[in-house]
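Q: For reference, the structure I am asking about is given below.
There are 2 protein chains.
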Amino acid sequence: MDGRELEDGEVCVKMLAAPINPSDINRIEGTYPMRPTVPAVGGTEGVGVVVAVTPGVRNLTIDDWVIPSHPHLGTWATHIAKEEGAWCKVGQDVPLEYAATISVNPCTALRMLTDFVDLEAGDVVVQNGATSMVGQCVIQLAHLRKIQTVNLVRDRSGVDEVKARLSSLGAEHVFTEEELGKLDMKNFLKEIGAGAKLGLNCVGGSTATAVMKLLGEGGTLVTYGGMSKKPIKLATGPLIFKDIQLRGFWLGKWKTKHSNEDFAAMTKYLLELVRDDKLRYITEKVPFEDFNHALDKAMGKHGSAPKQVLVFK
Amino acid sequence: MDGRELEDGEVCVKMLAAPINPSDINRIEGTYPMRPTVPAVGGTEGVGVVVAVTPGVRNLTIDDWVIPSHPHLGTWATHIAKEEGAWCKVGQDVPLEYAATISVNPCTALRMLTDFVDLEAGDVVVQNGATSMVGQCVIQLAHLRKIQTVNLVRDRSGVDEVKARLSSLGAEHVFTEEELGKLDMKNFLKEIGAGAKLGLNCVGGSTATAVMKLLGEGGTLVTYGGMSKKPIKLATGPLIFKDIQLRGFWLGKWKTKHSNEDFAAMTKYLLELVRDDKLRYITEKVPFEDFNHALDKAMGKHGSAPKQVLVFK
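In structure tokens:
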């Protein structure tokens, strides 16, 4: 907070919690296509409490919980002063860490399951990076609609535990890439009904190829990340003869085409699922003072780690 | 011809000419996904003349020129007996070699320019393999609609002649891959108006990547061949942040979704363009006796060669 007076129409929000997302790290690394003017504050989502309002403010009052009305830069801060429209009020009936993390990853999962292909009960979705927050949300949002998921996870120590956890969220099938390679693919595709209609890829490289192999005729692969930093290798045959499509998803682009009201409705729906215990995911709350350690964990320097959520005093 | 009697409703067609297409070769090699029961006759398109009809035949008479009503196997034959509906009558006001080659490559070019993105005058299409028959048709069909084309060709002896020929068909820009690499891409994209809406790929490998680089925001790459037999390498960034889409096109699939009437209307339109000298492409007529030599040429064993069209006595 720069200590300036609030302008009329602005509210001052004391931040309560904000996560470290992969895209936040990419922004700092300079590998994200949109670059802020530096110096800049990191973080694009989080939850805060209104601590001051100005006379022109109509829909927010002191003690309201708010999240950014669309993901924007600068949530790793103790206080933020912005016009009322930059905020979206949320209920206080969900844990802090869910309100802080609802607007990027769960929204991405919901949109990808909604905007690309018409999915009906019994249809199949296949994804890599299934332990990511998006991956966990995909499993549960699909399960709610009786859509089966086939989930690929990295081979790692404790992989059985990981599988059990994803199964408990509603995952029908969980494989490591190696297990998938040994599978009788023809039989498995028959078992799940002629292949997946939708594939979701946040990894790239051979893991993206593995997802594509599980797509059925006319299936769509949606890429929303490239964590391995390896390109997708794509044979021409499946494009031509199997009518496979490749698309990409970026929530930032979605936001430019939709109103704040659309965004508010989406986060409200997702937070209601959280409140009703139909959507859950693993986070680790970290005091803001331990930022450096949390950043290391978020960057994978200590192996697999849950989503790091900074908590402000 | 197996010497059998015609069944009622059938016509007997004496073939006049039939081309050797890459997909014909792939079928023989066994690399095409649909495999005929062997022994089988090659060739999927061509033109013939009706030499015998049966009482049940209503719309064809002796001396009519006909092409298969959709590409089907067995046109490398002197005579074919099939039911009337397997044939589509065509006018005799175009050269034989055009009637023989209208139903695969020109149709593919037309569909790809029509079915994937809405193109308006001034829009840009980029393609590799621009000297192929599809490539030549794309240039002219685009030119008719005032759509600019950017064309990539292999570096080869006589490349200047090739460029001049494509320009004479209406190509605005023709580059070898090497020339494209040296281009000031940012300026060039500005010059052609923010990049191509549609890219067409029949090669794969680095040449597919070159096409993708010329796509603008939201552009679509349509793959219809993989002549280099190399996969497409696809970075995840352009999918996510530039909203690039990858699709495939296969005329065989199109046919399963459309009627013989749709196909007849399409070939009629294209043959009218030929008659009006608005669509032309290079072919080489070869007597059927020289089949082996023509096949070698079609397989590229003698360098670049025009489309080989077998002519029957």
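Line by line, the protein sequences are chains L and U. Sequential numbering of the first sequence, starting at 1, is according to the UniProt record's numbering. Sequential numbering of the second sequence, starting at 1, is according to the UniProt record's numbering. Even glycine gets a Cβ: it sits at the ideal position worked out from N, Cα and C.
Enumerated in chain order, which unbroken segments of the alpha helix (DSSP H) with a length of 4 residues or greater are wholly contained in the segment 134-179 of chain U?
A: Entirely contained in the segment 134-179 of chain U, the alpha helix (DSSP H) runs reaching 4 residues are, in chain order, 159-169.
Q: Can you check DSSP and say which residues form a bridge with residue 397 of chain L?
A: The requested residue 397 of chain L is not part of the displayed model; chain L covers only 1 to 313.
Q: Taking His143 of chain U as the reference, which of U:Lys163, U:Leu152, U:Arg156 and U:Gly122 has the closest Cα?
A: As a first step, residue 143 of chain U is located in the second sequence; it is residue number 143 there, counting from the start. The residue with the shortest Cα to Cα distance from His143 of chain U is U:Gly122.
Q: Strictly below 8 angstroms CB to CB, what residues from chain L border Ala281 of chain U?
A: Here the question's residue 281 of chain U lines up with position 281 in the second sequence. Strictly speaking, residue 281 of chain U in this sequence is Tyr, with Ala absent from that position. Near Tyr281 of chain U there are no residues of chain L at all, since even the closest Cβ is about 22 angstroms away, more than 8 angstroms.
Q: Could you please give the first and the last residue of the uninterrupted alpha helix (DSSP H) stretch that includes Ala109 of chain L?
A: Taking the first sequence and counting its residues from 1, the one referred to as residue 109 of chain L is at position 109. Where Ala109 of chain L is concerned, the enclosing alpha helix (DSSP H) stretches over Asn105 to Asp115.
Q: Taking only the alpha-carbon atoms, compute the straight-line gap between Val51 of chain U and Asp184 of chain L and give it to the nearest angstrom.
A: As a first step, residue 51 of chain U must be located in the second sequence, where it is residue number 51. As a first step, residue 184 of chain L must be located in the first sequence, where it is residue number 184. Rounded to whole angstroms, Val51 of chain U to Asp184 of chain L spans 53 angstroms at the Cα level.
Q: Taking buried to mean at least 16 other C-beta atoms within 10 Å of its own C-beta, is Ile62 of chain L buried or exposed?
A: Position 62 of the first sequence holds residue 62 of chain L. Ile62 of chain L comes out exposed.
Q: Please determine, among L:Ile67, L:Ala235, L:Ile102 and L:Pro22, the residue with the shortest C-alpha to C-alpha distance to residue 340 of chain L.
A: Because chain L spans 1 through 313 in this model, residue 340 of chain L falls outside it and cannot be assessed.
Q: Classify Val125 of chain U as buried or exposed, calling it buried when 16 or more other Cβ atoms lie within 10 Å of its own Cβ.
A: For this step, residue 125 of chain U is matched to residue 125 along the second sequence. Under this definition Val125 of chain U is a buried residue.
Q: Would you check if there are 3 or more beta carbon pairs closer than 8 angstroms linking the segment 36-43 of chain U to the segment 95-110 of chain U?
A: In short, these stretches do not touch, since the Cβ pair count stays below three.
Q: Let's test the definition: count the other Cβ atoms within 10 Å of the Cβ of Ser304 of chain U and tell me whether it reaches 16, buried, or not, exposed.
A: For the purposes of this step, residue 304 of chain U is taken as residue 304 along the second sequence, with counting starting at 1. Its Cβ having fewer than 16 others within 10 Å, Ser304 of chain U is exposed.
Q: According to DSSP, is Thr223 of chain U helix, strand or coil?
A: The residue you call residue 223 of chain U lines up with position 223 of the second sequence. Correct three-state label for Thr223 of chain U: strand.
Q: Based on the DSSP output, what are the partners of Asn187 of chain U in its beta bridges?
A: Translated into the one-based positions of the second sequence, residue 187 of chain U becomes position 187. Its beta-bridge partners do not exist; DSSP assigns none.
Q: With 9 angstroms as the limit, tell me which residues of the segment 231-246 of chain L have their beta carbon closer than that to any beta carbon of chain U; keep them in chain order.
A: The residues in question are Pro231, Ile232, Lys233, Leu234, Ala235, Thr236, Gly237, Pro238, Leu239, Ile240, Phe241, Lys242, Asp243, Ile244, Gln245 and Leu246.
Q: Which value, in whole angstroms, describes the spacing of the CA atoms of Ala194 of chain U and Lys213 of chain U?
A: Numbered from its first residue, the second sequence carries residue 194 of chain U at position 194. Numbered from its first residue, the second sequence carries residue 213 of chain U at position 213. Approximately 11 angstroms between the Cα atoms of the pair.
Q: Are the Cβ atoms of Val138 of chain L and Thr149 of chain L separated by less than 9 angstroms?
A: Looking up residue 138 of chain L in the first sequence gives position 138. Looking up residue 149 of chain L in the first sequence gives position 149. Going by C-beta atoms, Val138 of chain L is nearer than 9 angstroms to Thr149 of chain L.
Q: With a 10 Å radius around its C-beta and 16 neighbouring C-beta atoms as the bar for buried, classify Glu10 of chain U as buried or exposed.
A: To locate residue 10 of chain U, count along the second sequence from 1; it is residue 10. By the 10 Å Cβ count, Glu10 of chain U comes out buried.
Q: Of the residues U:Phe188, U:Val162, U:Gly170 and U:Leu169, which one's Cα is nearest the Cα of Thr176 of chain U?
A: Residue mapping note: residue 176 of chain U aligns to position 176 of the second sequence, counting from 1. Nearest C-alpha to Thr176 of chain U: U:Val162.
Q: Select from the segment 31-49 of chain L all residues with a C-beta closer than 7 angstroms to any C-beta belonging to chain U, and list them in chain order.
A: So the list reads Pro33, given in the order they occur along the chain.
Q: For Gly248 of chain L, go through chain U and note every residue whose CB falls closer than 9 angstroms to its CB, in chain order.
A: Your numbering for residue 248 of chain L matches position 248 in the first sequence. Correct list: Thr236, Gly237, Pro238, Leu239, Ile240, Phe241, Lys242, Asp243, Ile244 and Gln245.
Q: Check whether the Cβ of Thr207 of chain L lies closer than 9 angstroms to any Cβ atom in chain U.
A: Counted from its first residue, the first sequence places residue 207 of chain L at position 207. For Thr207 of chain L, the answer is no, since every Cβ of chain U falls outside 9 angstroms of its Cβ.
Q: Can you pull the chain L residues whose beta carbon is under 7 angstroms from the beta carbon of Thr223 of chain U, in chain order?
A: Residue mapping note: residue 223 of chain U aligns to position 223 of the second sequence, counting from 1. Simply Thr236, Leu239 and Ile240.
Q: Could you tell me whether the Cβ of Lys253 of chain L comes closer than 9 angstroms to any Cβ of chain U?
A: Position 253 of the first sequence, counted from the first residue, corresponds to residue 253 of chain L. So, interface residue.
Q: According to a CB-to-CB cut-off of less than 8 angstroms, which residues of the segment 192-206 of chain U neighbour chain L?
A: So the close ones are Asn201 and Gly204.
Q: Buried or exposed for residue 379 of chain L, please, with buried defined as at least 16 other CB atoms from any protein chain shown within 10 angstroms of its CB.
A: Only positions 1 to 313 of chain L appear in the structure, and residue 379 of chain L is not among them; the question remains open.
Q: Would you kindly work out how many angstroms separate the C-alpha atoms of Pro22 of chain L and Ser228 of chain U, rounded to a whole number?
A: By 1-based counting over the first sequence, the position of residue 22 of chain L is 22. By 1-based counting over the second sequence, the position of residue 228 of chain U is 228. Their Cα atoms are separated by approximately 37 angstroms.
Q: Grouping DSSP H, G and I as helix and E and B as strand, with all else coil, what is His79 of chain L?
A: Here residue 79 of chain L refers to the residue found at position 79 of the first sequence. In the structure shown, His79 of chain L sits in a strand (DSSP, three-state: E or B).
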